[in-house]
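Counting in the working numbering, the sequence shown runs from 450 upward without gaps.
These notes concern the structure reproduced below.
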Amino acid sequence: CDWSSDVCSSDLRVMRILLFGRNGQVGWELQRALQPLGELRALDRSDGDLLNHAGLRATVHAFRPDIIVNATAYTAVDKAEAEPDLARAVNSDGPRVLAEAAQEIGACLIHYSTDYVFDGEKNGAYVESDATNPVSVYGRTKLEGEIAIAQTGAAHLIFRTSWVYAARAQNFMRTMLRLMHDREELRVVADQFGAPTSARLIADVTAQVLARMTANARSAADGARERGGIFHLTAAGQTNWFEYACYIRDHKPDARRKLERLLAIPASEYPTPAKRPSNSVLLTDKLCAAWGIHLPHWTESLSLCLAELP
């Protein structure tokens, strides 16, 4: 190989990445974060519908990626209680088909799961090996997706995350900003705990892990078989929804046009169709140790996101 020339004579193959869910919170950020890693093809529902199993297999076999990244999910937690079949089709059946297709072509599947696989009753942060016990349709279908992927035998990494937000799409941060602009008083739950985690952080960590996983492996699938599995991926620290809302109020003062009172309430005063875990804190030591990752405190990423908003 003549390193002084523009073209190396070695046959260096560019890694191919197939991303599903490009228009979601995490998928949007993944488009940016994954581009330096190789040839990226990003799909939305129009050309990568998880309900179209034949279409999924055909797409995977046509593109023949080294890595499949699934950032698609049914995330309407309360609505899922009335649409369990649809939630299961997107959160479990679709990922199973992607995993089967990955196994067929020797690719690695990256998939995102949730803190809702736990019941929230543990005293302390959850580790990856803790017993799961989801208390909602959404949580059950996401757990079923984890199990279905593992049962295919495909090389995979599953990142469980929580309280995801971004500058786009629907999430707690954006809802609070809208309500603070329109209402004089807000009542926010103060006895559910977790770590607000930005979609950008999730995407950046995913890219870092993939780069390190493939650096010395013969293939992405080999790297995932050696070092893959389930990892918890959230920002550092913990808070509750009320404190989270207070941080938004205090660090985006121009957004609270009408807000005068922000009140803390128990979850019992804010009933929802789907039960939420009271403890959504996930321990991330396994991820950090395995891949040399540093996860910033949740306030750091949130401050950056708020600063970018108009």
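Built from N, CA and C at the ideal position, the CB exists for glycine as well.
- With respect to the 8 Å criterion, residue 744 and residue 733 are classified as neighbours on the basis of their beta carbons.
- Checking the DSSP bridge columns, you'll see residue 572 has no partner listed.
- Using a Cβ distance threshold of 8 Å, residue 735 and residue 633 do not count as a contacting pair.
- Contact annotation: residue 558 and residue 519 have beta-carbon atoms nearer than 8 Å.
- Taking 8 Å as the upper bound for CB-CB distance, residue 609 and residue 653 are not in contact here, some 17 Å apart.
- Counting only residues of its own chain and dropping the five nearest sequence neighbours on each side, residue 712 has a CB closer than 6 Å to the CB of 636.
- Excluding the 5 residues flanking it on each side, residue 700 has same chain C-beta neighbours closer than 7 Å at 752 and 755, in chain order.
- Note that the C-beta distance between residue 550 and residue 586 is not below 8 Å.
- The closest CA to that of residue 624, considering only 741, 704 and 507, is found on 704.
- For the 8 Å CB-CB criterion, residue 560 and residue 607 form a contact.
- The secondary-structure analysis by DSSP pairs residue 518 across a beta bridge with 468 and 559.
- For residue 746, same chain residues with a beta-carbon under 6 Å away, outside a window of 5 residues either side, are 685 and 686 in chain order.
- Burial of residue 592 is indicated by the presence of at least 16 other C-beta atoms within 10 angstroms of its C-beta.
- Beta-bridge pairing by DSSP links residue 637 to 713.
- When C-beta atoms of the stretch 491-504 are compared with those of the stretch 535-542, three or more pairs fall below 8 Å, so the two segments count as touching.
- Selection 613, 678 and 749 evaluated against residue 578 yields 678 as nearest (Cα-Cα).
- In the DSSP assignment, the residues bridged to residue 609 are 562 and 681.
- Distances from the CA of residue 619 to each of 537, 466, 463 and 475 were compared; the closest alpha carbon is that of 475.
- Here residue 628 carries a helix assignment [DSSP, helix/strand/coil].
- Between residue 723 and residue 529 a beta carbon distance of about 7 Å is seen, short of the 8 Å cut, so the two are scored as contacting.
- In this structure, DSSP gives residue 618 a state outside helix and strand, which the three-state scheme calls coil.
- A check of alpha carbon separations from residue 465 across 471, 477 and 491 identifies 491 as the nearest.
- Note: residue 689 is bridge-paired with 642 in the DSSP secondary-structure output.
- In the three-state DSSP reduction, residue 540 falls in the helix class (H, G or I).
- Judged by DSSP secondary structure, residue 603 falls outside any beta strand (DSSP E); it is assigned neither H nor E.
- Cβ neighbours of residue 493 within its own chain (closer than 6 Å, five residues either side excluded): 471 and 472.
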